[in-house]
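Heads up: take any position in the sequence shown, counting from 1, add 873, and you land on our numbering.
Comments concern the structure below.
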Amino acid sequence: MIKLIVVGKIKEQYLNSLIDDYKERINKYHKIEIIEVKDSTITEEAKEILKNIGKKEFIITLEINGKKMDSISFASMIDKWFVYNSTITFIIGGSNGLDKSVTDISNYSLSFGDLTYPHGLFRGILLEQIYRAFKINNNETYHK
């Protein structure tokens, strides 16, 4: 299963449509769940995030200082992570980032570059890359 734990709700309908579209596409390959926790203080967000993580999940935190990779490498990593883990959990923090209590349990810190993205748009970008990874790993064509 793919799980996203994210801080905040998406208010814009066009972003919700984008997110729903990629959730539906990903669901053809793996079950996917998105858990939204309330936008609050970084400490309170961390408590809510940690409540939603199981003991055997592979945790990937999205962090500006994380490791950068291209789509082919990302697909390869997802394939590798699923060999040993039934659930891969991606965590997207709020506007203040992630509390140390969350980053400390991370198995992998991932960055999509040095740019800052609006939260909802980034959620869509992450989902698109997860979908792209499944297309790559299944040798299926997808636009480049």
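In this text, a Cβ means the ideal position worked out from N, Cα and C, and glycines have one as well.
Predicted model, so just to flag it, every value in this text is computed and none were measured.
TODO: Give the secondary structure of Ser982 by DSSP, where H, G and I count as helix, E and B as strand, and everything else as coil.
DONE: Ser982 sits in a strand when the DSSP states are folded into three classes.
Task: Whether Ile964 touches Ile932 by CB criterion (8 Å) - done: In this structure, Ile932 lies closer than 8 Å to Ile964 by Cβ.
- [ ] Report yes or no: do the segment 910-917 and the segment 949-960 share at least 3 C-beta pairs separated by less than 8 Å?
- [x] Segments in contact, no.
TODO: Compare the beta carbon distance of Thr1018 and Ile926 with 8 Å and say whether it is the shorter of the two.
DONE: Given that the chain is displayed from residue 874 to residue 1017, the structure contains no residue 1018 and the question cannot be resolved.
Task: Minimum length 3: unbroken beta strand (DSSP E) runs contained in the segment 890-928 - done: List check, beta strand (DSSP E) in window: 905-910.
Task: DSSP beta-bridge partners of Lys940 - done: DSSP lists Leu983 as partners of Lys940.
Task: Status (buried if at least 16 other CB within 10 Å, exposed otherwise) for Thr934 - done: Burial call: buried.
TODO: Would you list the one or two residues that DSSP bridges to Leu935?
DONE: Per DSSP, the beta bridge partners of Leu935 are Leu983.
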